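Sequential numbering of the sequence shown, starting at 134, is according to our numbering.
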Amino acid sequence: MTSPASDMQPAFRTAVVPAAGLGTRFLPATKTIPKELLPVVDTPGIELVAGEAADSGAQRLVIVTSPGKNSVVAHFVEDLVLEGKLEASGKTELLNKVRVAPSLLTVQSVVQEQPLGLGHAVSRVEEVLDDSEDAIAVLLPDDLVLPRGVLEVMGRVRRKRGGSVLCAIEVPEDRVSSYGIFETEIVPDAVNPNVLRVTGMVEKPDRDDAPSNLAAAGRYLLDREIFDALRRIEPGAGGELQLTDAIALLIKDGHPVHVVVHRGSRHDLGNPGGFLRAAVDFALERDDYGPALREWLEERLSPNWAAPQLTTDE
Ligand code: UTP
Numbered sequence: 134m135t136s137p138a139s140d141m142q143p144a145f146r147t148a149v150v151p152a153a154g155l156g157t158r159f160l161p162a163t164k165t166i167p168k169e170l171l172p173v174v175d176t177p178g179i180e181l182v183a184g185e186a187a188d189s190g191a192q193r194l195v196i197v198t199s200p201g202k203n204s205v206v207a208h209f210v211e212d213l214v215l216e217g218k219l220e221a222s223g224k225t226e227l228l229n230k231v232r233v234a235p236s237l238l239t240v241q242s243v244v245q246e247q248p249l250g251l252g253h254a255v256s257r258v259e260e261v262l263d264d265s266e267d268a269i270a271v272l273l274p275d276d277l278v279l280p281r282g283v284l285e286v287m288g289r290v291r292r293k294r295g296g297s298v299l300c301a302i303e304v305p306e307d308r309v310s311s312y313g314i315f316e317t318e319i320v321p322d323a324v325n326p327n328v329l330r331v332t333g334m335v336e337k338p339d340r341d342d343a344p345s346n347l348a349a350a351g352r353y354l355l356d357r358e359i360f361d362a363l364r365r366i367e368p369g370a371g372g373e374l375q376l377t378d379a380i381a382l383l384i385k386d387g388h389p390v391h392v393v394v395h396r397g398s399r400h401d402l403g404n405p406g407g408f409l410r411a412a413v414d415f416a417l418e419r420d421d422y423g424p425a426l427r428e429w430l431e432e433r434l435s436p437n438w439a440a441p442q443l444t445t446d447e
């Protein structure tokens, strides 16, 4: 088992973004457009998550893609023709926006031939890790965890306590059956009360059986031992290799697993309802779109609003 690393070492160098799923909840759009590229206002969700990975100290991003999803990786490649045109026409602001994604991190991809589950997607990354890397961060591009910064806290917890560190968000008790829910215990010497030890994890429990209201959010700092655990688990729900099952195995083996309870907010970009909320939330914060959107929303939500009617009279 890996012992706690020294404070001087970064907790991880590689951030993994699994993006090989089918995105069925977003059909028909995802028939041809990867859901990771759907824009939150004007920026693809995966660029926002890559920015978070870069801010947290990651040096490279490994994107797990499927055979038909080259455009996800292409988003992180410089487009010199486009940049040249924007430069020549003096569109500096747009040029700067276009340059963000390729400049964030070194990007590499691995292909998951078939969508055999999140656990399977993560297992594909082992072959591109250096021998010296003893942990990876996994960021689900569907999940926006706000404000940014939870990965740094998770890194500090790993440096102090070793093992793997996950991220949780409190959800209302009547919503626990939609999430992976943690069973936890207090860490007696923890200075931060939001750091808990994980003793178990239940996928989508009934409200009465849920051990807490702490739901897994899509940020994981996983010890390299996860790859061994992924080799030892059997396919679970839907014939997929579940990351949760491999984490449960680590816990059973006595591997230290902690959770950081993030006292912020989260947007689930993986379904149209959550995506819309994220888009509105982000747009309202912006100087260019916020004021007009707010004005329109107020009008649209006012009791006096009436849907325009077509006049069919002659
Ligand atoms: P989701 O279950 O939310 O994504 O997986 P999905 O399967 O694409 O979505 P639906 O349920 O069909 O609408 C969480 C993350 O794991 C990735 C997805 O791309 C998503 O980012 N994933 C999932 C893989 O990379 N491979 C898989 O086999 C499954």
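Using N, Cα and C, we set each Cβ at its ideal position, and we do this for glycine too.
Just so it is clear, the structure is predicted and the values come from calculations on it, not from any experiment.
Do alanine 186 and leucine 238 have their CB atoms nearer than 8 Å? Going by C-beta atoms, alanine 186 is nearer than 8 Å to leucine 238.
So, helix, strand or coil for phenylalanine 145, using DSSP? Coil at phenylalanine 145, not helix or strand.
Would you check if the distance between the CB atom of leucine 251 and the CB atom of glutamine 375 is smaller than 8 Å? Yes. Within cutoff.
Would you mind listing the alpha helix (DSSP H) stretches within the stretch 237-325 that are 4+ residues and don't spill past its ends, in chain order? List check, alpha helix (DSSP H) in window: 251-256 and 283-294.
The alpha helix (DSSP H) that contains aspartate 361, what's its start and end? Residue range 358-365 is occupied by the alpha helix (DSSP H) that includes aspartate 361.
Mapping DSSP to helix, strand and coil, what is alanine 138? Residue confidence for alanine 138 is low, a pLDDT of 48 falling below 50, so the modelled location carries little weight; the figure read from the coordinates is stated next. Reduced to three states, the DSSP call for alanine 138 is coil.
What are the boundary residues of the alpha helix (DSSP H) that isoleucine 179 is part of? First-last of the alpha helix (DSSP H) with isoleucine 179: 178-188.
Taking just the CA atoms, how far does valine 324 sit from alanine 301? If I take the Cα positions, the gap works out to 18 Å.
Separation of leucine 426 from arginine 352, as counted between CA atoms: Those two C-alpha atoms are separated by around 31 Å.
Residue burial classification, alanine 207 (beta-carbon count within 10 angstroms, cutoff 16): In summary, alanine 207 is exposed, with fewer than 16 beta-carbon neighbours lying within 10 Å of its beta-carbon over all protein chains present.
Span separating the alpha-carbon of threonine 176 from that of aspartate 339: Looking at the two C-alpha atoms, the distance is approximately 36 Å.
In this structure, does DSSP put glycine 372 in helix, strand or coil? Shown here, glycine 372 sits in a helix according to DSSP, grouped into three states.
So what does DSSP say about glutamate 216, is it helix, strand or coil? Residue state, collapsed to three classes: helix.
Could you check the C-alpha separation between proline 368 and valine 258 for me, to the nearest Å? Whole-angstrom Cα-Cα distance: 18 Å.
In terms of alpha-carbon separation, which member of Asp275, Arg308 and Ile319 lies closest to aspartate 342? Closest option to aspartate 342, Cα to Cα, is Arg308.
Distance check for alanine 191 and aspartate 356, CA to CA, integer angstroms please. When only Cα atoms are considered, aspartate 356 and alanine 191 end up about 15 Å apart.
Just reading off the beta strand (DSSP E) that leucine 434 is part of, what are its end residues? Premise fails: leucine 434 lies in the alpha helix (DSSP H), 423-434, not in any beta strand (DSSP E).
CB contact flag (arginine 399, alanine 350, <8 Å): In contact: arginine 399 and alanine 350 (Cβ atoms closer than 8 Å).
Output the distance between the C-alpha atoms of alanine 411 and proline 200, rounded to the nearest integer angstrom. Pairing alanine 411 with proline 200, the inter-Cα distance amounts to about 28 Å.
Can you give me the start and stop residues for the alpha helix (DSSP H) that arginine 410 sits inside? Bounds of the alpha helix (DSSP H) holding arginine 410 are 405-417.
On the criterion of 16 or more Cβ atoms from any shown chain inside 10 Å, does arginine 419 qualify as buried, or is it exposed? It counts as exposed.
Are arginine 294 and leucine 354 touching if we call contact CB-CB under 8 Å? Taking the C-beta atoms as reference points, leucine 354 is found no nearer than 8 Å to arginine 294.
Answer with buried or exposed for serine 189, where buried requires no fewer than 16 other C-beta atoms within 10 angstroms of its C-beta. Its Cβ being crowded by 16 or more others within 10 Å, serine 189 is buried.
Determine the DSSP secondary structure at leucine 227, reduced to helix, strand or coil. Leucine 227: helix per DSSP, three-state reduction.
Minimum C-alpha distance to valine 298 - residue among Glu431, Phe415 and Thr377: Checked all of Glu431, Phe415 and Thr377; the closest Cα to valine 298 is Thr377.
Just to confirm, are glutamate 211 and proline 172 a CB contact at a threshold of 8 Å? Not in contact: glutamate 211 and proline 172 (Cβ atoms no closer than 8 Å).
For glutamate 318, which residues in the same chain have their Cβ closer than 6 Å to its Cβ, ignoring the five residues on either side in sequence? Here glutamate 318 has Arg330 and Thr332 as same chain residues with Cβ atoms under 6 Å from its own Cβ, once five neighbours each way along the sequence are excluded.
Does glutamate 336 come out as helix, strand or coil in the three-state DSSP assignment? Residue state, collapsed to three classes: strand.
Got a sec? Which residues, its chain only, sit under 8 Å from isoleucine 384 by beta carbon, not counting five neighbours each side? Contacts found: Val331, Thr332, Gly333, Met334 and Val390.
Helix, strand or coil for serine 222 per DSSP? Looking at serine 222 - three-state DSSP - the assignment turns out to be coil, as it is neither helix nor strand.
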